[in-house]
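Engineer: Dropping the structure in here first, questions after.
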Amino acid sequence: MHAFRDYGLLVQWQARRISWLFPLIVGVQTVLAVGIIVGFGFLFPEVDNETALFLATGAPTLLLLVIGLVLVPQMVSESKNEGTYNWMRALPVPRMAFLAADATVWFLAMLPGLVVALVVARWHYDLALSVSPLVVVAVLLVGLTATGIGYAIASFVPPMITLLLTNLLLFVSLMFSPINFPAERLPTWLQAVHQVLPITSMADVMRGTLAHDSFELTARPFVVLGAWCVAGFTASYAAMNRRG
């Protein structure tokens, strides 16, 4: 019971600590949603229904990645520089409660962007998405996996390198990951690499649950994401328990 109480208090504390960021996060997500859905459409001579679906379902995936793989590790790095990270580690609360509370707050911060992206896609392309009930599981798994990986990066990597690495990850996600286009367009070796990395699986579960009438959904991407999610949070928890 104490762990649940600590978790609830930590969620409130963390939400208040970064509450000033929420309007900025929503604003950035809105601009990114418009840029991906509308702006990327200018790269194609003609946007057919398949292309529109890739852009419409890829935008929410990228927005989750931006928060989890870019903003979360940068904020964790800042808290390490400020001393807040070590101060929280010194509190007499379970480390997992702190990690779970932080992940909860960041996950909630991701949700407005998803709604904005889907509204923009529906308006711009006049799409009729076929949403599966599994979309709840998909969003939860993608958001937590991105957050867990981002947290692990910031926990083990120095702040300056974290900044460079997270921006590199964002660039790779935008340009060399099959989020807004079919994986078949990539070289064979890069397709093979993406089979074990989480980004393609993130895009697959989002596509398969937001437009399940148009894209096949299998259990494999859920398994891949589950493994990466557990690995990310396990590494983050181990880092929080390190001495020094």
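Each residue of the sequence shown is one higher than the one before, counting from 2 in the working numbering.
Every residue gets a Cβ at the ideal spot worked out from N, C-alpha and C, and that includes glycine.
Identify which residue in T163, T105 and T52 has its Cα closest to the Cα of N82.
Structural biologist: T163
Engineer: Suppose you measure from the CA of T210 to the CA of V120; what does that come to, to the nearest Å?
Structural biologist: 16 Å
Engineer: Give the DSSP-derived three-state secondary structure of L187 in the structure shown.
Structural biologist: Correct three-state label for L187: coil.
Engineer: Would you check if the distance between the CB atom of T31 and the CB atom of M207 is smaller than 7 Å?
Structural biologist: no
Engineer: DSSP three-state label for P113, please.
Structural biologist: helix
Engineer: Can you confirm whether the segment 56–75 touches the segment 146–160 when touching is taken to mean that 3 or more C-beta pairs between the two stretches lie within less than 8 Å?
Structural biologist: yes
Engineer: Does the segment 8–21 come close enough to the segment 98–105 to have 3 or more Cβ pairs within less than 8 Å?
Structural biologist: yes
Engineer: Indicate the three-state DSSP secondary structure (helix, strand or coil) for V158 in the structure shown.
Structural biologist: coil
Engineer: The ligand FAD and Q75: does the residue's C-beta get closer than 6 Å to at least one heavy atom of that ligand?
Structural biologist: The ligand FAD is absent from the structure shown, which contains no ligands of any kind.
Engineer: Contact between the segment 187–204 and the segment 214–232: three or more CB pairs below 8 Å?
Structural biologist: yes
Engineer: Could you tell me the distance, in whole angstroms, from the CA atom of A202 to the CA atom of L112?
Structural biologist: A quick correction: the sequence has Ser, not Ala, at residue 202. The straight-line gap from Cα to Cα measures roughly 19 Å.
Engineer: Does the separation of the CB atoms of I26 and A60 fall below 7 Å?
Structural biologist: no
Engineer: Run through DSSP, which three-state label would V197 get?
Structural biologist: Looking at V197 - three-state DSSP - the assignment turns out to be helix.
Engineer: Compute the distance between the beta-carbons of G69 and T189, then report whether it is under 7 Å.
Structural biologist: no
Engineer: With a floor of 4 residues, list each alpha helix (DSSP H) that falls wholly inside the segment 57–100, ordered by position along the chain.
Structural biologist: 73–83 and 85–91
Engineer: Can you tell me whether DSSP reads V132 as helix, strand or coil?
Structural biologist: coil
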